[in-house]
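Residue numbers (our numbering): 221 to 489.
Cβ atoms here follow ideal geometry from the backbone N, Cα and C, with glycine treated the same way.
Heads up, the thing below is written out as structure tokens.
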Amino acid sequence: FSKWTIRSDHHQLPVALERASSQWLLKYILFSVPLLHSKYRDENSPKARDADAAARFRKGTPQEELSANHVLAERRRREKLNERFIILRSLVPFVTKMDKASILGDTIEYVKQLRKKIQELETRNKEIEAHNERPRSADSLQRSGVTVSERARSLGPEPGREKRKMRIVTGRRGEARPKKTQPETAVEVSIIENDALLELQCEYREGLLADIMRMLREQLRIEITTVQSSLNNGVLAAELRAKVKDNVNGKKVSITEVKWAINQMIPSF
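And the structure:
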């Protein structure tokens, strides 16, 4: 092949090609010429460009991958931290506010009270032990003129015995049976940002827990994630962890509203 010009005779081949055999020239044209620009055509085809762009989009740059991993790790850290604050809130009997700073402040105050109470109990225990170690001679007991039996009669019946009498009632045939006491109802709710912890203890009713979960989801937009419950002597104890969603006004339900709604579902006898 040679460069074509106006003056050149396109009917004549170059000298190198004229000397070549016609069969070799035909094979060269059929097998070599079509492949000369195939690589350039494939690389610049729309399909190849789309495939390369999709691969780059799926893979992403190293900076984008690092940023996505950082966001995911930060989200997991916040969720774990909120869960720890909810557990801490459930352990403190009094909490002024539901923000994290107030929970930490109330926890510190509660720990100080517990430490002071422990010191008082230890001091009282030492006084009792010192009082019991004092020798009691037989002469002092004789001078008092009061025997053990007389002292017991003067003090009256044992408190435990009276308590047992109060718990016993007479049946139809005169048989003693324990008096049935109603279980104490307790509802504790803790909400920190989007995480919530609900603790419930009340008398068991069939389908009660399912009704409460349905009410929380449909009316208060609280989605239950995990449930732990137990039943002992007709008393239902349940612990529910949930996610709190915003309502139509963009606000979350309050702790007071959740407690009131749950108490409305608990049976009263």
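- Going by DSSP, D415 is part of no alpha helix (DSSP H) but of the beta strand (DSSP E) stretching over 415-423.
- Secondary structure of S410 (DSSP, three-state): strand.
- Contact check for L440 against V468 fails: the beta carbons are separated by 8 Å or more.
- S449: member of the beta strand (DSSP E) spanning 442-452, first to last residue.
- Residue range 455-464 is occupied by the beta strand (DSSP E) that includes K463.
- By alpha-carbon distance to L324, the top candidate from R335, S310, A457, V409 is S310.
- Within the same chain, Cβ atoms closer than 8 Å to the Cβ of I444 are found at M433, L436, R437, L460, R461, A462, the five residues on either side in sequence being excluded.
- Using a 10 angstroms sphere on the CB of F314, the tally of other CB atoms stays under 16, which defines it as exposed.
- By the 16-neighbour rule on beta-carbons within 10 angstroms, L417 is buried.
- Looking only at L428, R344, I412, the smallest Cα-Cα distance to A321 is reached by I412.
- The beta-carbon separation of V455 and Y424, rounded to 7 Å, stays under the 8 Å limit for a contact.
- CA-CA distance, Q339 to P487, rounds to 42 Å.
- CA-CA distance, E294 to E284, rounds to 15 Å.
- In terms of Cβ geometry, V409 and K479 form a close pair [threshold 8 Å].
- Looking at the backbone, the Cα of R298 and that of D326 are separated by about 21 Å.
- Excluding the 5 residues flanking it on each side, I306 has same chain C-beta neighbours closer than 7 Å at S410, I412, D415, L417, in chain order.
- Per DSSP, D319 lies in no alpha helix (DSSP H) segment and is marked neither H nor E.
- Per DSSP, the unbroken alpha helix (DSSP H) holding E438 starts and ends at 428-439.
- Secondary structure note for T476: its alpha helix (DSSP H) is the uninterrupted segment 475-485.
- For S242, the enclosing alpha helix (DSSP H) has its first and last residue at 242-251.
- Between the alpha carbons of E353 and N345 lies a gap of roughly 12 Å.
- Nearest to M485 by alpha-carbon distance, out of E426, V312, V291, S449, is E426.
- G325 sits in a helix when the DSSP states are folded into three classes.
- By the beta-carbon neighbour count (other beta carbons within 10 angstroms, threshold 16), L420 is buried.
- Look at E299 here: in three-state DSSP terms it is helix.
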